[in-house]
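Trainee: First residue of the sequence shown? That's 1 in UniProt numbering, and the numbers climb one at a time after it. Note that the Cβ used here is the ideal one computed from N, Cα and C, for glycine as well. Got a structure for you, written out below as structure tokens; questions coming shortly.
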Amino acid sequence: MGLEADSYCKGALIDMYAKCVHLIIAKRIFDGAMKPDIVSWTALISEFAQVGLTEEAIEVFKKMQKAGIKPTHSTLGSVLRAIATISNHNYGSQVHTWAVKLGLDSNVYARSSLVNMYAKCQKMEAAKAVSDGQEEKNNMLWNALLGGDAQNGHAHEVLEDAQNGHVQESYEFYSLPCQCCQDFKSKISDSNQTLPS
């Protein structure tokens, strides 16, 4: 048909097969590309990360780096999601340093992905440092930071940020009280106390 030679079509085919969980076919199309472009690399990394093949996503990202392909914010977000899934803080820090060198960390989507990765690796100090570097925070960034605080048992900080008006229009804010209650329950149970009925 001739479409397989077109770089954009290859990226779309990789994305389609991967979304249909035909990752073997998607990988074959990718491997058959003479010189895969960023669309193809990102599609493969993203789909591996989405279906839980985190090691494969990271491996493809490393190959992309070796090939000298500059990632986009979407590529960065996908690989950081994979890194967060396996809580690989060391590699996450390396990717963060690389993103800073390439100037990719200034985008709010990239920063949100970095905050999420650090939070899932239980490195809230690093997550807050990334967040603090963004002058204007949007809901995506606040959600990543507040979700990280809640996941890591920092319910008081979540409530403090809510009181300071940092979560006004955040749809995820409504799930945070449940996470805070879970934190409270676990602290009660850790100290062998009982909840009042």
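Give the straight-line distance between the Cα atoms of Lys120 and Asp37, rounded to the nearest whole angstrom.
Mentor: 30 Å
Trainee: Suppose you measure from the CA of Ser113 to the CA of Gly148; what does that come to, to the nearest Å?
Mentor: 11 Å
Trainee: Return the residue from the list Thr42, Arg81, Glu55 that minimises the CA-CA distance to Lys70.
Mentor: Thr42
Trainee: For the alpha helix (DSSP H) that contains His89, what are its first and last residues?
Mentor: 89-102
Trainee: Considering Cα atoms alone, identify which of Val95, Glu125, Asn152 is closest to Glu59.
Mentor: Val95
Trainee: Mapping DSSP to helix, strand and coil, what is Val158?
Mentor: helix
Trainee: Who are the Cβ neighbours of Tyr171 in its own chain at under 7 Å, not counting the five residues just before and after it?
Mentor: Residue placement at Tyr171 is flagged as unreliable, the pLDDT there being 44, under the threshold of 50; a coordinate-derived value is accordingly withheld.
Trainee: What residue from Gly103, Gly153, Ser93 has the CA that sits closest to Ala129's CA?
Mentor: Closest by C-alpha distance to Ala129, out of Gly103, Gly153, Ser93, is Ser93.
Trainee: On a CA-only basis, which of Leu146, Lys123, Asn116, Met124 is nearest Val79? Give me that one, please.
Mentor: Asn116
Trainee: Quick one: using the 10 Å Cβ neighbour count with 16 as the cut-off for buried, is Lys123 buried or exposed?
Mentor: buried
Trainee: Expressed to the nearest angstrom, what Euclidean distance is found between the alpha-carbon atoms of Tyr118 and Ile86?
Mentor: 11 Å
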